[in-house]
Amino acid sequence: MGGGTGRELPRADMLIAIMGAPHTGDLVTSAFRLAQALLERGASVHLWTCGHATGLTRTSLGDEKPRNVVDWARAYPTTAALAAELLAAHPAKLHWFACRFCSQERGADAHIPGIRLRAPFKFTEHLEAADKSFFLGVC
Amino acid sequence: MAEYLLVESQGRYAGPGSRDFLGDAERLAASGHTVTVLLIENGVTDGVGTGAGTGAGTGSDAVERLLEAGVRVWADGFSLEQRALAALLRPGVRRVGMDEVAEQLLRPAVQGVWH
Amino acid sequence: MADTGRRLLIIERAYRGGVETQFADVLYFARELNRQQGGLDILLRGLAVTFAAADPAPTPVLHLAGRELDTLPDPRAAVRTLLAEGAGIWAQDGELERFGAGPGWLLEGVRPTSDAAFPDWPGYRSVHFL
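Chains as they are written, first to last, in full-length UniProt numbering: chain A, 1 to 139; chain B, 1 to 115; chain C, 1 to 130.
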């Protein structure tokens with residue numbers, strides 16, 4: 001966590017930049033699915049979140065969503081919990097970055113461990129560090 | 001010649017963007033590039049139905065033109081299941097899983113574009 | 001104009017969030033409003049007509065980092081529940097035709113609209129897009 005990486009970015013086979021907002025479509029689900037499929041094949045993946053997508057990994061989400069009033073006993077993981085699990089399962093192959101400006105602008109700059117804040121003007125380094133890149137949605 | 005994986009995630013309900021993007025695929029194919037189009041999320045709506053009642057210039061018409069041009073058109077099975085549209089997939093469009101998408105994307109020659 | 005005494009909700013934007021939304025989708029809100037209002041009607045149009053498919057197939061399960069996430073939104077189950085709880089559900093017929101949906105595709109109890117049958121706006125206390 002914290003500011004810049006202070007070191008050169010690792011190479012990645014694929015950068016998945018989640019630009020669009022959660023809760024508007026299936027792009028967050030697609031990002032998780034694609035990352036999982038790539039990682040299962042031994043690929044290295046960078047995830048970058050911009051705009052409202054930076055909220056996916058905010059600490060205040062906790063591990064579980066608020067209770068479902070019609071299924072009180074059931075637990076539903078938050079995106080922060082899912083991100084933590086994915087990072088834990090692939091510590092060497094998955095790196096997750098969040099745009100510092102977007103995070104701060106939305107009061108979401110307290111991220112779970114493993115998420116690295118990066119200034120938006122560093123984004124070009126992330127593009128260069130990946131062989132391929134997808135932008136999912138728009139800010 | 002380049003090889004492309006073009007991912008259409010929005011579909012005809014999001015406006016004219018999907019039609020334009022599928023037009024990009026058609027142009028690339030006509031220029032001799034190898035193009036695979038993946039329909040995913042709401043984009044799978046372009047890969048279902050007969051095209052009847054859609055009117056001119058809809059996404060489905062664009063898919064028909066892609067198929068006629070020999071472009072490989074895939075539809076994400078997960079997205080089809082979510083939308084109860086798996087049984088309505090139009091002929092010529094092949095259902096795929098994310099594993100196949102990842103493998104295609106990891107081929108060095110393939111460039112990906114997400115819409 | 002028949003006064004239904006109800007409110008009409010129109011849902012045309014569908015599939016707004018997966019892993020981040022899970023149970024808390026638009027139909028979760030509609031279900032709670034139906035309970036609070038003592039009944040309401042819902043018109044599904046656009047891609048939202050697929051919420052009313054009879055297809056009993058469960059919503060897909062996601063495999064992520066060793067977890068099986070089986071709590072993704074399940075709009076078809078939600079529509080069944082809404083019907084059981086007294087909500088009226090309509091589906092716009094033009095969309096069904098567009099998908100090439102044949103007879104039996106629509107869940108029993110869901111009313112397809114037609115020129116002769118359509119939710120009558122003046123008969124509702126209010127109309128809202130959701």
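Glycine included, every Cβ here is placed at the ideal spot set by N, Cα and C. On a predicted model such as this, the values are computed, not experimentally measured, just so you know.
Return the CA-CA distance between MET1/A and ILE115/A, expressed in angstroms with no decimal places.
-> Here residue 1/A refers to the residue found at position 1 when the first sequence is read from its first residue. Here residue 115/A refers to the residue found at position 115 when the first sequence is read from its first residue. Because the pLDDT at MET1/A is just 40, under 50, the model does not fix this residue reliably, and the point stays unresolved.
Taking the alpha helix (DSSP H) that SER133/A falls in, what are its first and last residues?
-> Counting from one through the first sequence, the residue named residue 133/A turns up at place 133. Unbroken run through SER133/A is the beta strand (DSSP E), 130–136; no alpha helix (DSSP H).
In the DSSP assignment, what residue or residues form a beta bridge with THR113/C?
-> Stepping through the third sequence from its first residue, residue 113/C is reached at position 113. Note: THR113/C sits in no beta bridge, so no partner.
Nearest neighbour of VAL37/B, chosen from ARG107/B, GLY70/B and ALA84/B [CA to CA] = Translated into the one-based positions of the second sequence, residue 37/B becomes position 37. Among ARG107/B, GLY70/B and ALA84/B, the Cα nearest to that of VAL37/B belongs to GLY70/B.
Beta-carbon gap between ASP25/C and GLY38/C smaller than 8 Å | Stepping through the third sequence from its first residue, residue 25/C is reached at position 25. Stepping through the third sequence from its first residue, residue 38/C is reached at position 38. Cβ atoms of ASP25/C and GLY38/C: not closer than 8 Å.
What runs of the beta strand (DSSP E), each 3 residues or longer, lie entirely inside the stretch 38–94 of chain A?
-> For the stretch 38–94 of chain A, the continuous beta strand (DSSP E) assignments of 3+ residues that do not extend past its boundaries occur at 45–49, in sequence order.
Is there contact between the stretch 81–95 of chain A and the stretch 21–35 of chain A, where contact requires at least three CB pairs shorter than 8 Å?
-> Yes, since at least three Cβ pairs between the stretch 81–95 of chain A and the stretch 21–35 of chain A fall closer than 8 Å, the two stretches touch.
So LEU27/A packs on LEU136/A, CB below 8 Å; how close in whole Å?
-> As a working note, residue 27/A is residue 27 in the first sequence. As a working note, residue 136/A is residue 136 in the first sequence. That belief holds up - the Cβ atoms of LEU27/A and LEU136/A are roughly 4 Å apart, short of 8 Å.
is_contact[VAL45/A, chain C] using C-beta, thresh 8 Å = Numbered from 1 along the first sequence, position 45 holds the residue referred to as residue 45/A. It does not; no Cβ of chain C falls within 8 Å.
Could you list which residues in chain B have their beta carbon closer than 8 Å to that of ARG33/A, in chain order?
-> By 1-based counting over the first sequence, the position of residue 33/A is 33. Going along chain B in sequence order, the residues near ARG33/A (Cβ under 8 Å) are PHE78 and MET98.
When the cut-off is 8 Å and only beta carbons count, does VAL28/A lie next to chain C?
-> In the first sequence, counting from the first residue as 1, residue 28/A sits at position 28. So yes, VAL28/A belongs to the interface.
Of the residues TRP105/C, VAL79/C, LEU106/C and GLU108/C, which one's Cα is nearest the Cα of ASP41/C?
-> The sequence position of residue 41/C within the third sequence is 41, counting from 1. The shortest C-alpha separation from ASP41/C is found at VAL79/C.
Answer with yes or no whether the minimum CB distance from ALA102/B to chain E is below 8 Å.
-> This model lacks chain E altogether, as its protein chains are A, B and C.
For the putative contact between THR78/A and ASP63/A, defined by C-beta atoms under 8 Å, what is the C-beta separation to the nearest angstrom?
-> Along the first sequence, one-based indexing puts residue 78/A at 78. Along the first sequence, one-based indexing puts residue 63/A at 63. Right, their Cβ atoms sit about 6 Å apart.
In the stretch 3–66 of chain C, which residue ranges form an unbroken alpha helix (DSSP H) of at least 4 residues, counting only runs that do not cross its ends?
-> Every alpha helix (DSSP H) of 4 residues or more that sits fully in the stretch 3–66 of chain C is shown, in chain order, as 26–37.
Quick one: Cα of ASP20/B to Cα of THR59/C, how far?
-> Here residue 20/B refers to the residue found at position 20 of the second sequence. Here residue 59/C refers to the residue found at position 59 of the third sequence. One alpha carbon belongs to ASP20/B, the other to THR59/C, and they sit about 31 Å apart.
Does the beta carbon of PHE135/A come closer than 8 Å to any beta carbon on chain B?
-> Locating residue 135/A in the first sequence gives position 135, where the first residue counts as 1. Judged by the 8 Å Cβ criterion, PHE135/A is in contact with chain B.
Compare the beta carbon distance of CYS99/A and ARG118/A with 8 Å and say whether it is the shorter of the two.
-> Against the first sequence, residue 99/A aligns to sequence position 99. Against the first sequence, residue 118/A aligns to sequence position 118. Cβ atoms of CYS99/A and ARG118/A: closer than 8 Å.
ARG98/C versus TRP105/C: straight-line alpha-carbon distance, rounded | On the third sequence, residue 98/C is found 98 positions in, with the first residue counted as 1. On the third sequence, residue 105/C is found 105 positions in, with the first residue counted as 1. Answer to the nearest angstrom: the Cα atoms are 13 Å apart.
From the DSSP output, in three-state form, read off ASP120/C for me.
-> Against the third sequence, residue 120/C aligns to sequence position 120. Collapsing the DSSP output to three states places ASP120/C in coil.
Within this structure, are the beta carbons of ALA53/A and GLY20/A separated by less than 8 Å?
-> Taking the first residue of the first sequence as position 1, residue 53/A is located at position 53. Taking the first residue of the first sequence as position 1, residue 20/A is located at position 20. Yes, these two residues count as a Cβ contact at 8 Å.
Mind checking if GLN36/A is an interface residue toward chain C, Cβ cutoff 8 Å exclusive?
-> To locate residue 36/A, count along the first sequence from 1; it is residue 36. Cβ-Cβ to chain C under 8 Å: yes for GLN36/A.
Contact with chain C by GLY25/A, beta-carbon distance below 8 Å | Locating residue 25/A in the first sequence gives position 25, counting from the first residue. Yes, GLY25/A lies at the interface with chain C (some Cβ there is under 8 Å from its Cβ).
Beta strand (DSSP E) segment containing SER103/A, residue limits = Mapped onto the first sequence, residue 103/A falls at position 103. Counted as a single uninterrupted DSSP element, the stretch harbouring SER103/A is not any beta strand (DSSP E) but the alpha helix (DSSP H) occupying residues 100–105.
Of all the options ILE18/A, TYR76/A, SER44/A and GLY42/A, which has the alpha carbon lying nearest to the alpha carbon of LEU56/A?
-> Position 56 of the first sequence, counted from the start, is the residue given in the question as residue 56/A. Out of ILE18/A, TYR76/A, SER44/A and GLY42/A, ILE18/A has the C-alpha closest to the C-alpha of LEU56/A.
Are ALA48/C and ILE89/C close, meaning C-beta to C-beta below 8 Å?
-> Mapped onto the third sequence, residue 48/C falls at position 48. Mapped onto the third sequence, residue 89/C falls at position 89. In this structure, ILE89/C does not lie closer than 8 Å to ALA48/C by Cβ.
For TYR13/B, decide whether its Cβ has a neighbour in chain C, counting only Cβ atoms nearer than 8 Å.
-> Counting from one through the second sequence, the residue named residue 13/B turns up at place 13. At least one C-beta of chain C is nearer than 8 Å to the C-beta of TYR13/B.
Go through its chain and collect everything with a Cβ distance to ALA14/C's Cβ below 7 Å, but skip five positions before and after it.
-> For this step, residue 14/C is matched to residue 14 along the third sequence. Apart from the 5 residues on each side of it in sequence, ALA14/C sits with its Cβ closer than 7 Å to the Cβ of GLY46, LEU47, ALA48, THR50 and PHE51 in its chain, given in chain order.
Taking 8 Å as the CB-CB limit, is residue 180/C close to chain A?
-> Any answer about residue 180/C is impossible in this case: the structure gives chain C only from 1 up to 130.
Please report the Cβ distance between GLN92/C and LEU62/C, rounded to the nearest whole angstrom; I am assuming they are in contact, meaning their Cβ atoms lie under 8 Å.
-> What you label residue 92/C is simply residue 92 of the third sequence in a count that begins at 1. What you label residue 62/C is simply residue 62 of the third sequence in a count that begins at 1. Contact doesn't hold; Cβ gap of about 30 Å is too wide.
Within 10 angstroms of its Cβ, does ASP76/B collect 16 or more other Cβ (buried), or is it exposed?
-> The residue given as residue 76/B occupies position 76 in the second sequence. Burial call: buried.
Any C-beta of chain A sitting closer than 8 Å to the C-beta of SER9/B?
-> Locating residue 9/B in the second sequence gives position 9, counting from the first residue. For SER9/B, the nearest CB of chain A lies under 8 Å from its own CB, placing it at the interface with that chain.
Between LYS93/A and chain C, is there a C-beta pair that is closer than 8 Å?
-> Here the question's residue 93/A lines up with position 93 in the first sequence. Proximity of LYS93/A to chain C, defined by a Cβ-Cβ separation below 8 Å, is not satisfied.
Paired residues, beta bridge with TRP105/C - DSSP | Taking the third sequence and counting its residues from 1, one reaches residue 105/C at position 105. For TRP105/C, no pairing in a beta bridge is given by DSSP.
Exposure label - PRO91/B; buried when at least 16 CB within 10 Å = Residue mapping note: residue 91/B aligns to position 91 of the second sequence, counting from 1. When all chains shown are included, PRO91/B counts as exposed.
Are there 16 or more other CB atoms within 10 angstroms of the CB of residue 117/B, so buried, or fewer, so exposed?
-> Limits of chain B in this structure are 1 at one end and 115 at the other, which puts residue 117/B out of reach.
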